[in-house]
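Trainee:
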Amino acid sequence: MLILSRKINETIVIGENVRVTLLGIEGDKIKIGIDAPKSVRIFREEVLEATKVTNREALDAPTVSFDFSKFNPAQPD
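Going letter by letter, the sequence shown gives residues -19 to 57 in my numbering.
This is how it looks when you write it as structure tokens:
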């Protein structure tokens, strides 16, 4: 892991086309700006992990099926 110190408005460059800029500090949070091509996928780690858990749970959920061939709607009068 590379650890860098940055001041507000200083930028680091990742590869040739990703720029990360420290925008501000508010209490125990920092604000960063990420400039990257749309083809670069950027996720907050906690959201990505929660999505993975939800997807695993969905795969384990029971399957419910319905036989539409037996469906006989009421005929209007």
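Each residue gets a CB set at the ideal place from its N, CA and C atoms; glycine is no exception.
All values derive from a computational prediction rather than experimental measurement.
DSSP state of residue 27, grouped into three classes?
Mentor: Residue state, collapsed to three classes: helix.
Trainee: Between which two residues does the beta strand (DSSP E) carrying residue 9 extend?
Mentor: Taken as a continuous stretch (DSSP letters only), the beta strand (DSSP E) holding residue 9 covers 9 to 15.
Trainee: Suppose contacts are defined by Cβ-Cβ distances below 8 Å. Is residue 12 in contact with residue 3 by that definition?
Mentor: The answer is yes: Cβ separation under 8 Å.
Trainee: Contact defined as beta carbons within less than 8 Å: I believe residue -2 pairs with residue 20. What is the distance between those atoms, to the nearest angstrom?
Mentor: At roughly 6 Å, the Cβ-Cβ gap stays under 8 Å, so residue -2 and residue 20 are in contact.
Trainee: From residue -16 to residue 26, what distance separates their C-alpha atoms?
Mentor: Going by the C-alpha atoms only, they are around 22 Å apart.
Trainee: Which two residues bound the contiguous beta strand (DSSP E) that contains residue -1?
Mentor: Per DSSP, residue -1 belongs to the beta strand (DSSP E) from -2 to 6.
Trainee: By the three-class DSSP mapping on this structure, what secondary structure does residue 43 have?
Mentor: If DSSP states are grouped into helix, strand and coil, residue 43 belongs with coil.
Trainee: Determine which residues share a DSSP beta bridge with residue -9 and list them.
Mentor: Paired residue(s): 1.
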